[in-house]
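For the protein sequence lines, the chains are A and B, in the order given.
For what it's worth, my numbering labels the leading residue of the first sequence as 1, then goes sequentially.
For what it's worth, my numbering labels the leading residue of the second sequence as 1001, then goes sequentially.
For reference, the structure is listed below as structure tokens.
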Amino acid sequence: MRLDLRTDTADDTRAVGAAIAAVLEPRDAIALSGDLGAGKTTLVQGLARGLGIEDQVVSPTFTLVREYRGRLDLAHVDVYRLEHEQDVVDLGLEELGDGLAVLAVEWGDAVAALLPEEHLEVELTTEDPTGASERRRIRVSGNGALWASRWEELAIALAPWGTTP
Amino acid sequence: MIVLGIETSTPQTAVALGSDREILGEITIGGKARQESVIPALQQLLRWTDVDLAQVGGVAVGLGPGLFTGLRVGVQTAKTLAQVLGIPIVGLGSLDVLAYGVRSTRRRIAAVIDGRRGEVFFGIYRSVPGGVVRETEPAVRTPARLVAELEVMPGEVLAVGNGAILYHDVIAEMGPRVDFASPTTAHPKAASLVEIAAARLLREEFDRPVDVVPVYLRKSDAEIAWDQRARDASA
């Protein structure tokens, strides 16, 4: 299951995050990938807005984990500074938000084996190497029964940014 | 000898005071993890049972597997008390304590603690006079894998623990030979810790404090494969 999207501005990328939030349920996990500056935190800001979180979402690169309260709680994690898988295990991701939080993990693709098996993958790429353009390609992939049952709903929610028929 | 038990490996926080003969008191707070309540609950328990901390002759603590945060707080609290009071400490596996709570059954015991994110910590036990013995070492698996392991074992099974309750429907697919223990036995009891540890302490079977560490079953020796980050750095 895969959706290819395109956004033209950072606000657009946030709107994609908010649209994804609409189909999320407690304990869902999202692995975000993409180069530095690709817009992972920007997308999570939209996700937070869609989850009814009012606090400002900032990068967790140096704090490793930031937790937010909303319609669903959100645990925003960044594993960029970690070297060992055990460091990720020690974060106790499965306990964040009393085990019910939505997990959004930046650079999650590098530690996919340590995330819940059926997590959503969101890959952001920028076409402009100078970073000046806010245009992004976003690929959303899901696996397993958990996402199969929601895929149609997700596809409809993300249709405004779709590049595939 | 009065023994203090501290159990925080599940979302139930519990402290108990007692000996091998009787439990003087136990405070259990459930629903969600409240590690911050360990010390206030202990203070309250000491007051209510009229026990002075100086009378406590040993500390027993649940080592997990279980919740990270709870284990860190529980184990560190127990070690600190043992050190400050100059008394021995005993660490016990949470699955062992959980199985011990239903040792009167004749069925094989599956002790199952919710490991969060779709997995359970479990161990399989059988009861023997005076306690339980492990048939399998503690492991972390999906509930379906637990069922697969149980299905190749003959006889009737009693599933106990908050993981058994959470995944009742998955485990129940084993059919009529599996039964479920009461929710009142679903968490390792601090009173059970006291009971087991008191007997050990009387036999002078202490643990070295340095060996009393949480049991983390989710372990990895691997380094994160940072192809992506390396590419960024060289860009």
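Think of the CB as a built atom: it goes at the ideal place given N, C-alpha and C, for glycine as much as any other residue.
Since we're looking at a predicted model, the values are computed, not measured.
When the Cα atoms are used, what is the spatial distance from B/Ile1089 to B/Thr1069? 20 Å
Any beta carbon from chain A within less than 8 Å of B/Phe1121's own beta carbon? Put simply, the CB of B/Phe1121 is far from chain A, with every gap to its CB atoms at 8 Å or more.
Residue environment, B/Lys1219, which counts as buried when at least 16 other CB atoms sit within 10 Å: When all chains shown are included, B/Lys1219 counts as exposed.
DSSP on B/Gly1005, reduced to helix/strand/coil? For B/Gly1005, the secondary structure class from DSSP, reduced to helix, strand or coil, is strand.
Excluding the 5 residues preceding and the 5 following B/Gly1161 in the sequence, name in chain order all residues of the same chain whose CB lies nearer than 6 Å to its CB. Leu1098, Ala1111, Val1112, Ile1113, Ala1186
Use the C-beta contact count for A/Gln56: other C-beta atoms within 10 angstroms, 16 or more gives buried, fewer gives exposed. exposed
Within 10 angstroms of the Cβ of A/Thr7, are there 16 or more other Cβ atoms? Answer buried if so, exposed if not. buried
On the criterion of 16 or more Cβ atoms from any shown chain inside 10 Å, does B/Lys1032 qualify as buried, or is it exposed? exposed
Looking at the structure shown, is B/Ala1033 part of a helix, part of a strand, or coil, going by DSSP? coil
Every unbroken beta strand (DSSP E) inside the stretch 1100-1183 of chain B [3 residues or more]: 1108-1114, 1120-1128, 1131-1134, 1139-1141, 1157-1160, 1178-1180
State yes or no: is the C-beta of B/Ala1078 within less than 8 Å of the C-beta of B/Val1051? no
Secondary structure of A/Leu91, DSSP reduced to three states: Coil at A/Leu91, not helix or strand.
In or out: A/Thr13 buried (at least 16 other Cβ within 10 Å) or exposed? In the assembly as shown, A/Thr13 is a buried residue. Its beta-carbon has 16 or more other beta-carbons within 10 Å.
Determine the chain B residues that contact A/Leu82 at a beta-carbon separation under 7 Å, and present them in chain order. Ile1224
By DSSP, does A/Val44 sit in helix, in strand, or in coil? helix
Determine the chain B residues that contact A/Pro116 at a beta-carbon separation under 7 Å, and present them in chain order. Arg1117, Gly1118
Count the other CB atoms, across all protein chains shown, that sit within 10 Å of the CB of A/Glu190; report buried if there are 16 or more and exposed otherwise. There is no way to answer for residue 190 of chain A, as the model of chain A reaches only from 1 to 165.
Taking a contact to mean a Cβ-Cβ separation below 8 Å, would you say B/Val1194 touches B/Gly1018 in this structure? yes
Can you tell me whether A/Pro116 is buried or exposed? The criterion is at least 16 other CB atoms within 10 Å of its CB, across all chains shown. buried
I'd like to confirm the pairing. Which residues does DSSP put opposite A/Ile138 in its beta bridges? A/Leu5, A/Leu124
CB A/Leu74 to CB A/Tyr80, shorter than 8 Å? No, the pair does not count as a contact, with Cβ atoms beyond the cut-off.
By a C-beta neighbour count over all protein chains shown, 10 Å radius and 16 as the cutoff for buried, is A/Thr130 buried or exposed? exposed
For A/Ala110, decide whether its Cβ has a neighbour in chain B, counting only Cβ atoms nearer than 8 Å. yes
Please report the distance separating the alpha-carbon of A/Ile77 from that of A/Asp98. Note on residue identity: the sequence assigns Val, not Ile, to residue 77 of chain A. Their backbone Cα atoms lie some 15 Å apart in a straight line.
From A/Leu154 to A/Thr61, what does the alpha carbon distance come to, in whole angstroms? Distance from the CA of A/Leu154 to the CA of A/Thr61, rounded to the nearest whole angstrom, comes to 28 Å.
Considering only the alpha carbon of each residue, which of A/Ile138, A/Ser149, A/Leu96 lies closest to A/Thr163? A/Ile138
Please classify B/Asp1207 as buried or exposed, where buried requires at least 16 other C-beta atoms within 10 Å of its C-beta. buried
Runs of beta strand (DSSP E) wholly within the stretch 59-121 of chain A (minimum 3 residues, chain order): 65-68, 74-78, 102-106
Is the beta carbon of B/Ala1191 closer than 8 Å to that of B/Glu1036? no
The alpha helix (DSSP H) spanning B/Ser1192 covers which residue range? 1190-1202
Contact with chain B by A/Gly144, beta-carbon distance below 8 Å: no
Contacts that A/Asp98 makes with chain B (C-beta to C-beta distance below 9 Å): Pro1011, Lys1032, Ala1033
Give me the chain B residues within the contact set of A/Val89, using Cβ-Cβ distance strictly less than 8 Å, ordered along the chain. Tyr1216, Arg1218, Lys1219, Ser1220
C-alpha gap between B/Lys1189 and B/Ala1014, whole angstroms: 7 Å
A/Ile30 and A/Leu96 - do their beta-carbons sit closer together than 8 Å? no
A/Ala48 to B/Val1003 span [Cα, whole Å]: About 47 Å.
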